[in-house]
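Below: one structure, written as structure tokens.
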Amino acid sequence: MIKLTRVSKTYPPDVHGLKDITLEILPGEFVSIVGQSGAGKTTLAKLLIAQERPTRGTIEIGGWDITNIRSREVPVLRRQIGVVFQDFKLLPKKTVFENVSFALEVAGEPTKRINDIVPQVLRIVGLEEKGFRYPRQLSGGEQQRVVIARSLVHRPKILLADEPTGNLDTLNARDIIDLLQKINAFGTTVVLVTHNREVVNALRKRVITLADGRVASDQAHGKYLIS
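Heads up, the sequence shown is in numbering that gives the first Met the number 0, so the first residue is 0 and it goes up one at a time.
And the structure:
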């Protein structure tokens, strides 16, 4: 599903984001990527969605070599990878329904299909009764659920969640992780980038630890090892 082979990323003049990373994430896995600030987590996430290109090595997503992906192909890639960020990035003047449907409108989907899909994904995230509310009328946890719903509209094979609980309290963070596990149970590969020790330790799933741009450990049923 995701395969990195000897991937390095260097930023000018000589800053190493990743150094000779080789790893593989299989279809249907739930993998946590952890590490201290500057370890390479954000760089790895940006490479997976082609926001950055590797300096060396190859990256494959679903058998597609995206190492030198063309700009016009990036939207196609990003319909295969749903992305959830710590910053909700919701449109404040649009309702929940409109925020979610906007991703489909941009892709040129017909109105009938939009009206079919949006209620489905809102039901998955438990917001089917709040489609006509605005972001300001929602809690932080509910806003993150809208973001997750928006990430699901293209039925992606991979969900990349970059610090999705960073702005949430413990209870809401637990609810979001439960939702990610539910999505994973549907067969979606989930890559969770996080520094939340409690979340990682409770999951007891695969944990890849980055340190100084390299893979420091890769545990099948791991814990947050960073002190």
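We treat Cβ as the ideally placed atom computed from N, Cα and C, and that holds for glycine.
For residue i, the nearest candidate out of the options (CA to CA)
i       : options                            : result
Phe-87  : Asp-161, Val-192, Gln-218          : Asp-161
Ser-216 : Ile-32, Val-6, Ile-1, Ile-182      : Ile-32
Gly-56  : Met-0, Leu-22, Glu-28              : Leu-22
Ile-176 : Val-124, Gln-136, Asp-13           : Val-124
Val-145 : Ala-49, Asn-183, Thr-94            : Thr-94
Ala-49  : Thr-193, Gly-81, Pro-26, Ala-172   : Gly-81
Leu-159 : Phe-185, Ala-44, Phe-96            : Ala-44
Leu-209 : Gln-218, Leu-202, Pro-53, Ala-201  : Gln-218
Ala-201 : Asp-211, Thr-187, Gln-180, Gly-186 : Gln-180
Pro-26  : Arg-149, Glu-108, Pro-155, Lys-111 : Pro-155
Ser-138 : Asn-171, Phe-131, Pro-163, Asp-115 : Asn-171
Phe-84  : Val-6, Lys-40, Lys-129, Leu-224    : Lys-40
Gln-178 : Gly-34, Gly-140, His-220           : Sequence check: residue 178 is Leu here, not Gln. Checked all of Gly-34, Gly-140, His-220; the closest Cα to Leu-178 is Gly-140.
Ala-148 : Glu-127, Pro-109, Thr-110, Ser-70  : Glu-127
Gly-107 : Arg-5, Gly-165, Val-75             : Val-75
Gly-186 : Arg-196, Arg-205, Ile-157, Asp-168 : Ile-157
Ile-65  : Val-6, Thr-110, Glu-28             : Val-6
Three-state secondary structure (DSSP) of residue i
i       : result
Gly-139 : helix
Thr-208 : strand
Gln-79  : helix
Lys-92  : coil
Lys-156 : coil
Ala-38  : coil
Arg-299 : This structure leaves residue 299 out entirely; the chain is present only between 0 and 226.
Lys-45  : helix
Ile-60  : strand
Lys-2   : strand
Gln-218 : strand
Beta-carbon contacts of residue i that lie in its chain and below 8 Å, excluding the five residues immediately before and after
i      : result
Lys-92 : Tyr-133
Leu-89 : Asn-98, Pro-134, Gln-142, Val-145, Val-146
Whole-number beta carbon distance between residue j and residue i, since they are thought to touch under 8 Å
i       : j       : result
Asn-183 : Val-189 : 5 Å
Lys-2   : Glu-51  : So it is not a contact: roughly 17 Å between Cβ atoms.
Proximal residues to residue i (C-beta, below 6 Å), its chain only, five neighbours per side dropped
i       : result
Arg-213 : Lys-18
Leu-103 : Ile-113, Val-152
Cutoff 7 Å; reference residue i; Cβ partners in own chain excluding five residues on either side
i       : result
Ser-231 : The question about residue 231 has no answer here: the residues shown for the chain are numbered 0 through 226.
Ile-24  : Met-0, Ile-1, Val-30, Thr-188, Val-190
For residue i: DSSP bridge partner residues
i     : result
Lys-8 : Leu-17
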